[in-house]
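Written below as structure tokens is the structure these notes are about.
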Amino acid sequence: MKRAEKVEAVHELEGDLRRATVAVLADYRGLTAGQMNRLRKAVREADGRCRVAKNT
């Protein structure tokens, strides 16, 4: 990811957090792909948004 893309990703995440009424931060290490997919699906069904932000 180029620097300009990183800056844009940070701006998008910042905007999402400003609009959010609730934010949940979690360490997802150790989850299987299936568990992560079920988590994302459950969040979508609750009209939420699931994002993974990496510190790169």
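In the working numbering, the protein residues as written are 28 to 83.
Cβ coordinates follow ideal geometry from the N, Cα and C atoms, glycine included.
Below 8 Å on the Cβ atoms is my guess for residue i versus residue j; work out the distance and round it to an integer in Å.
i, j, result
"Asp43", "Arg76", "7 Å"
"Leu40", "Ala80", "6 Å"
Starting from residue i, trace the alpha helix (DSSP H) both ways and give me its first and last residue.
i, result
"Val18", "Since the first residue shown for the chain is 28 and the last is 83, residue 18 is missing from the structure and cannot be characterised."
"Ala60", "Ala60 to Glu72"
Can you list, in chain order, the residues of its chain whose CB lies under 8 Å from that of residue i, leaving out five sequence neighbours each side?
i, result
"Met63", "Tyr55"
Looking only at its own chain, which residues have a Cβ that is under 6 Å from the Cβ of residue i, when we skip the five neighbours before and after it?
i, result
"Leu66", "none"
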